[in-house]
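If you read the sequence shown in numbering that gives the first Met the number 0, its first letter stands for residue 0, the second for the next number, and so on. For every residue, glycine included, the Cβ atom is placed at its ideal position computed from N, Cα and C.
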Amino acid sequence: MTLASSPAPATSAVSTAASNPAVTGGSVPAPGSDCTAAFRAAYENRYTWDPGFGGYRGRCVWEQGERRLEGSFTVGADLKATVEGFDDEEVHKAVASQLWEVAIHRVRRSFEQTHGANTFTAGETDAVGTEVIVGGKGVGDRYRIHNDVVTMVHRHIHGTVVTIFTESTTDTGHGYLSHQYTSQYSDPATGALRGGLSRFTDTFVPLTEAGPWVLGERVIETDSEGDSGRQSFRFEDLQPLA
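Structural data, given as structure tokens:
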């Protein structure tokens, strides 16, 4: 199956004030209350692959400015990506990194496995969603949720902080995938920004009519790098391994 023949996925904005419960008068968790159930609902609404994922393969076209390179890839049932055909080692690593990052976020883990050692308290609600303040093992992390979607992630990871805002999503019929979102790294102690703001646009397609949904294209634009900061990764001729 090629990307060109895939049906256009349905996408929807998630952060507009017009649809926000805080603006329209809908029910939201009261500040200071336990919001574990609401956060669990958003967590379990994410799209993940069914157990028994068999892997897939295809071609990748990478573009940045006037440069264009092509190669091939395989993502195994073990979620490991094998990339071939790229002479540029940095591009090779970048392609492998996109495939790996998408795959690990499709792994299905129960709420208890991921968040069983955490507590969740509601903060204020704004146009992005209701703040979820994490206690316990993940203390210092924060989220925002709206309409069973995690609209903001603020997490401490390996000595840095990453803050992600989801602006629109793709509805697979079996959970949502982030379509447009931003990512910013910062210093956990001072809050100083590390690097520029990156804007992502992810287009997912079903590998077969029954799925699974996989990445068809990713466009990354980074503010601090000008035109040269725009990269696109297109994944084409996608075929299941099994």
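- prompt: What number of angstroms, rounded off, separates the C-alpha of residue 104 from the C-alpha of residue 175?
  reply: Locating residue 104 in the sequence shown gives position 105, where the first residue counts as 1. Locating residue 175 in the sequence shown gives position 176, where the first residue counts as 1. The alpha-carbon atoms of residue 104 and residue 175 are separated by roughly 12 Å.
query: Over what stretch of residues does the beta strand (DSSP E) that includes residue 80 continue unbroken?
result: Residue 80 sits at position 81 when you count from the first residue of the sequence shown. Per DSSP, the continuous beta strand (DSSP E) segment holding residue 80 begins and ends at 80-83.
query: Does the segment 195-210 touch the segment 166-186, meaning 3 or more C-beta pairs lie closer than 8 Å?
result: At 8 Å Cβ cutoff, the stretches touch.
- prompt: Just how far apart, CA to CA, sit residue 111 and residue 53?
  reply: Taking the first residue of the sequence shown as 1, we reach residue 111 at position 112. Taking the first residue of the sequence shown as 1, we reach residue 53 at position 54. Each residue's alpha carbon lies about 25 Å from the other.
message: Taking 8 Å as the cut-off, does the segment 113-124 touch the segment 32-47 (at least 3 CB pairs, one atom from each stretch)?
response: Judged by Cβ distances under 8 Å, the segment 32-47 makes contact with the segment 113-124, as three or more pairs qualify.
- prompt: What whole-angstrom Cβ distance do residue 128 and residue 145 have, given they're in contact under 8 Å?
  reply: For the purposes of this step, residue 128 is identified with residue 129 of the sequence shown, where counting begins at 1. For the purposes of this step, residue 145 is identified with residue 146 of the sequence shown, where counting begins at 1. About 3 Å separates the two Cβ atoms, so the contact holds.
query: Can you pull the DSSP bridge partners for residue 117?
result: Here the question's residue 117 lines up with position 118 in the sequence shown. Residue 117 pairs with 135.
query: To the nearest angstrom, how far is it from the Cα of residue 65 to the Cα of residue 232?
result: In the sequence shown, counting from the first residue as 1, residue 65 sits at position 66. In the sequence shown, counting from the first residue as 1, residue 232 sits at position 233. Going by the C-alpha atoms only, they are around 14 Å apart.
- request: Give the DSSP bridge partners of residue 184, in chain order.
  value: In the sequence shown, residue 184 corresponds to position 185, counting from 1. Per DSSP, 161, 193.
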